[in-house]
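First residue of the sequence shown: 658, per the working numbering; consecutive thereafter. Okay, structure first, notes after.
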Amino acid sequence: MAIARLSRLSYWYPGADQPALRDVNLLIEAGLTVVAGPSGGGKSTLLRVLNGLVPHFHGGRIAGAAEVDGHDIITTATRSLARTVGFVFQDPELQTVYDAVDREVAFGLENIALAPREMAGRVEEALHAAGVAHLAGRSVRTLSGGERQRVALASALAMRPRLVVLDEPTSQLDPEGAAMVLDAVRGIVEQGRAALIAEHRLERLIELATALVTVDGGSVTTVQPSPPASTGPTPRARERSPGGPLAWSLSNARAGFGGRVVLDNVDAAGHQGEVVALSGPNGGGKTTLLRLVAGALQPMAGKVERRPGRIAYLPQNPTALLHRPTLRSEVSLTLERAGDPETPEAILEELGLLSVAGRYPRDLSCGERQRAALAAVLPGRPDLVLLDEPTRGMDAAALAALVRLVSRLRDSGSAIVLATHDADLRLALADRVLHVSGGRVTEAESRLVHA
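Laid out in structure tokens, this is it:
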């Protein structure tokens, strides 16, 4: 029996002329359903129908029928659907209610008035299933993006829903974290429940999938799961860039927050015309190192130096950068401040965003918002470029565009540091790789890289 059923369902966001979903017919049964398709094609909208955020939160118009576990999505309140559907969003930063990890995982259980004697066991079970038992007692504010992602998964698992929906759940995770998420999904499937995951990278999921759904231009098609073709950038060997003058350096640096030391005794440096990639586990200190280099975090000890010039910094939560009424105006503001005569259309076209230039940036899909934030910070020839998980939510075409853009900036003399779990991005761009783990920074063995 299907856990969810959509019949001839179409949906229009407020003020939209074209539907975000058009005439969708879909059955979701026990097992793993994988949702694929290009950025902005409608994947997140489809997922949000299943917990009632579309249409109850987003508004707009809806036609057709949709139900989950016998509940009519259009007439059932989202608080009622939350008992059946556990949801993990693309932006874990926007999903947190409480600051304490344990309290956050217990939030949904409190809302359904679960007895306190049962609640503690459920929270512990969910933390273990998501691989974050070691974070019990921590402040959410001190967690990395990947750690927050797994705490959000634990919050969903604690409710023991019949359907768990995950939107790009591994986009910020190290390999170990991604494996733990897949183990949790495998457990859901083995219990006879349903999981639905939207992802751009299908290699790790396709072997578990019982169904594959593609969403493109609002149209939904169910196809037979099969191993995907390679979608990463086509590599070509090149020698490591020699780089130019020193652009930034850390000397015996120590850094952290709230009295907690995250990095200690760090010596590292980068040069103009060089790409330095930061690798390492979630919570290892990559974001802290980027913030030190940017000047957004003062060291507890040691010295941080950087050459004068404009800094372009992309944080893990790109939405924090987007405030202006249109994407075009976001880019125009950066170009005006940089005194650059280039038109905003140039970088928008380069990143495949020209068609949404007049849209409010926060209304875009996660992958489009990621590219929008890049378009907002990278024009105007910045001297130092710092990118934190820049491929989050990106499809193959967007990844290729990012590689071209960063390569051009490097070749024009920008010093670039990027923190990423994306092996394709490292292979395509990195002149050097710094491994950040346990508060220490070590340089990977010198080698040929790929671009």
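Heads up, the beta-carbon is just placed ideally off N, CA and C, and yes, glycines get one too.
What span of residues does the beta strand (DSSP E) with Arg1089 cover, start to end?
Looking up residue 1089 in the sequence shown gives position 432. Where Arg1089 is concerned, the enclosing beta strand (DSSP E) stretches over Arg1089 to Ser1094.
Taking the straight line between their C-alpha atoms, what separation do you get for Leu742 and Val821?
Start at 1 with the first residue of the sequence shown, and residue 742 comes out as number 85. Start at 1 with the first residue of the sequence shown, and residue 821 comes out as number 164. Sequence check: residue 742 is Val here, not Leu. Roughly 6 Å between the two C-alpha positions.
To the nearest angstrom, how far is it from the Cα of Thr871 to the Cα of Gly698?
Here residue 871 is taken as the residue at index 214 of the sequence shown, counted from 1. Here residue 698 is taken as the residue at index 41 of the sequence shown, counted from 1. Their backbone Cα atoms lie some 9 Å apart in a straight line.
Simplified DSSP assignment, three categories, for His728
Translated into positions along the sequence shown, residue 728 becomes position 71. DSSP places His728 in strand when its eight states are reduced to three.
Can you tell me which of the three DSSP states Ser986 falls into?
For the purposes of this step, residue 986 is taken as the residue at position 329 of the sequence shown. Helix at Ser986.
Within 10 angstroms of the Cβ of Ala783, are there 16 or more other Cβ atoms? Answer buried if so, exposed if not.
As a working mapping, residue 783 is identified with position 126 in the sequence shown. Counting Cβ neighbours within 10 Å, Ala783 comes out buried, since at least 16 surround it.
Hey, is the segment 935-952 in contact with the segment 812-821, meaning 3+ C-beta pairs nearer than 8 Å?
no
Other residues of its chain near Leu1011: CB distance less than 8 Å, five sequence neighbours each side excluded
Counting from one through the sequence shown, the residue named residue 1011 turns up at place 354. Excluding sequence neighbours, Leu1011 sits near Glu1002 and Leu1005.
Can you name, in chain order, every residue of its own chain whose Cβ lies under 8 Å from the Cβ of Val918, other than the five neighbours on each side?
Working through the sequence shown from its first residue, we reach residue 918 at position 261. The answer, listed in chain order, is Arg911, Ala912, Met957 and Gly1096.
Under the three-state reduction of DSSP, which class applies to Arg858: helix, strand or coil?
To locate residue 858, count along the sequence shown from 1; it is residue 201. Arg858: coil per DSSP, three-state reduction.
Buried or exposed: which applies to Leu751, given that a residue is buried once 16 or more other Cβ atoms fall within 10 Å of its Cβ?
Position 94 of the sequence shown, counted from the first residue, corresponds to residue 751. Its Cβ having fewer than 16 others within 10 Å, Leu751 is exposed.
If you check the beta carbons only, do Leu935 and Lys943 fall under 8 Å apart?
For this step, residue 935 is matched to residue 278 along the sequence shown. For this step, residue 943 is matched to residue 286 along the sequence shown. Against a cut-off of 8 Å, the Cβ pair of Lys943 and Leu935 comes out as a contact.
Nearest CA to the CA of Met837: which residue from Leu771, Ala790 and Ala851?
Stepping through the sequence shown from its first residue, residue 837 is reached at position 180. Looking at the Cα atoms, Ala790 is the closest of the given residues.
Paired residues, beta bridge with Arg1097 - DSSP
In the sequence shown, the residue the question calls residue 1097 occupies position 440. Note: Arg1097 sits in a beta bridge opposite Ser1094.
Given that a residue counts as buried once 16 or more other Cβ atoms are within 10 Å of its Cβ, and exposed if not, what is Glu761?
Indexing the sequence shown from 1 puts residue 761 at position 104. Result: buried.
Mind checking His980: buried by the 16 CB within 10 Å criterion, or exposed?
Sequence index remark: in the sequence shown, residue 980 carries index 323 (1-based). Exposed, since its Cβ has fewer than 16 Cβ neighbours within 10 Å.
Of the choices Gly900, Val706 and Val923, whose alpha-carbon is the least far from that of Ala723?
Reading the sequence shown from its first residue, position 66 is the one you call residue 723. Of the candidates Gly900, Val706 and Val923, the one whose C-alpha sits nearest the C-alpha of Ala723 is Val706.
Compute the Euclidean distance between the alpha carbons of Leu903 and Ile968, then round it to the nearest angstrom.
Residue 903 sits at position 246 when you count from the first residue of the sequence shown. Residue 968 sits at position 311 when you count from the first residue of the sequence shown. Each residue's alpha carbon lies about 15 Å from the other.
Checking 8 Å against the spacing of the C-beta atoms, do Gly727 and Trp669 come in under that value?
If you number the sequence shown from 1, residue 727 lands on position 70. If you number the sequence shown from 1, residue 669 lands on position 12. No, Cβ-Cβ distance for Gly727 and Trp669 is not below 8 Å.
Can you tell me which of the three DSSP states Asp680 falls into?
Residue mapping note: residue 680 aligns to position 23 of the sequence shown, counting from 1. Correct three-state label for Asp680: strand.
Between which two residues does the alpha helix (DSSP H) carrying Thr741 extend?
Counting from 1 along the sequence shown, the entry for residue 741 is found at position 84. No alpha helix (DSSP H) contains Thr741, which DSSP labels as neither H nor E.
Could you tell me which residues DSSP pairs with Leu971 in its beta bridges?
One-based indexing of the sequence shown puts residue 971 at position 314. Answer is Leu1044.
Please classify Tyr1017: is it buried, with 16 or more other beta-carbons within 10 angstroms of its beta-carbon, or exposed?
Sequence index remark: in the sequence shown, residue 1017 carries index 360 (1-based). By the neighbour-count rule (16 or more Cβ atoms within 10 Å), Tyr1017 is not buried but exposed.
Residue range of the alpha helix (DSSP H) that Glu1006 falls in?
Residue 1006 sits at position 349 when you count from the first residue of the sequence shown. Residues Pro1001 to Glu1007.
Let me know the secondary structure DSSP gives Ala894 once reduced to three states.
Within the sequence shown, residue 894 is the residue found at index 237, counting from 1. Any reading at Ala894 must be qualified, since the residue scores a pLDDT of 44, below 50, and its modelled position is unreliable; the value itself is stated next. Here Ala894 sits in strand by DSSP.
Determine the closest residue to Val711 out of Leu1082, Glu856 and Ile730, with distance taken between C-alpha atoms.
If you number the sequence shown from 1, residue 711 lands on position 54. It is Ile730 whose Cα lies nearest to the Cα of Val711.
Bounding residues of the beta strand (DSSP E) (the contiguous stretch that carries Leu820):
In the sequence shown, residue 820 corresponds to position 163, counting from 1. Leu820 to Asp824 is the span of the beta strand (DSSP E), which, as asked, contains Leu820.
Inter-residue spacing [alpha-carbon to alpha-carbon] between Arg1049 and Ala855
Looking up residue 1049 in the sequence shown gives position 392. Looking up residue 855 in the sequence shown gives position 198. Distance between the alpha carbons of Arg1049 and Ala855: 13 Å.
Element boundaries [beta strand (DSSP E), containing Thr871]:
Here residue 871 corresponds to residue number 214 of the sequence shown, with the count starting at 1. Element bounds for Thr871: Ala868 to Asp873.
Leu1105 by DSSP, collapsed to three states: which one?
Looking up residue 1105 in the sequence shown gives position 448. Because the pLDDT of Leu1105 is 41, which lies under 50, any placement of that residue in the model is unreliable, and the number read from its coordinates should be weighed accordingly. In the structure shown, Leu1105 sits in coil (DSSP, three-state: anything other than H, G, I, E or B).
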